[in-house]
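Counted from 1, the sequence shown has number 37 at position 37 by UniProt numbering; the numbering is strictly sequential. All remarks here apply to the structure that follows.
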Amino acid sequence: METTIDTNALGEKIVKVLKTIYDPEIPVDIYELGLIYDVFVNEDYDVKILMTLTTPNCPVAETLPLEVEEKVKSLNDVKSAEVEITFDPPWSQDLMSEEAKLELGML
1 METTIDTNAL GEKIVKVLKT IYDPEIPVDI YELGLIYDVF VNEDYDVKIL
51 MTLTTPNCPV AETLPLEVEE KVKSLNDVKS AEVEITFDPP WSQDLMSEEA
101 KLELGML
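Below, the structure is given as C-alpha cells:
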C-alpha cells in the first residue's frame, strides 16, 4: 500500500518553522516580514523555498538562507530542502503582513 503525503499539512509545519526565524535587524519573523515568496513540496518530501532579502546587501545574506534550509530540513517529514534567493520582485514594505506592520508600529 502506498503512503500518501499531505503536502498542505507539511506546508503548515514548514510555515511554523519559518515563523521561528527572525531577521536580526527587525523584530519580526521572516514569514510575516514577507521574505518568503513560495514554498514547494513534492511527493518525495523535497522542499524548495523561494525567498528574498530586505536588500541585496543584507548583512545576513550568507547566513539567513542557510538557517532557513537547516531548520526546514530538521522536520521529520522533509527529505531535502533547498532555498533559492530572488530579488524579482524586490522586497518592499507592502509585502509585510498586517501583524508585522502592527509589531513595527506602522499601523
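By construction, the Cβ of each residue, glycine as well, lies at the ideal position given by its N, Cα and C atoms. Just so you know, these numbers come straight off a predicted model, no measurement behind them.
Minimum Cα-Cα distance from residue 34 among the listed residues 77, 69, 23 and 43 corresponds to 23.
Counting C-beta atoms within 10 angstroms of its own C-beta, residue 32 has 16 or more neighbours from the protein chains shown and is therefore classed as buried.
Fewer than three Cβ pairs drawn from the segment 74-82 and the segment 55-64 lie within less than 8 Å of each other, which leaves the two stretches out of contact. At the C-beta level, residue 44 and residue 79 come within 9 Å of one another.
Residue 43: not part of any beta strand (DSSP E); DSSP gives it neither H nor E.
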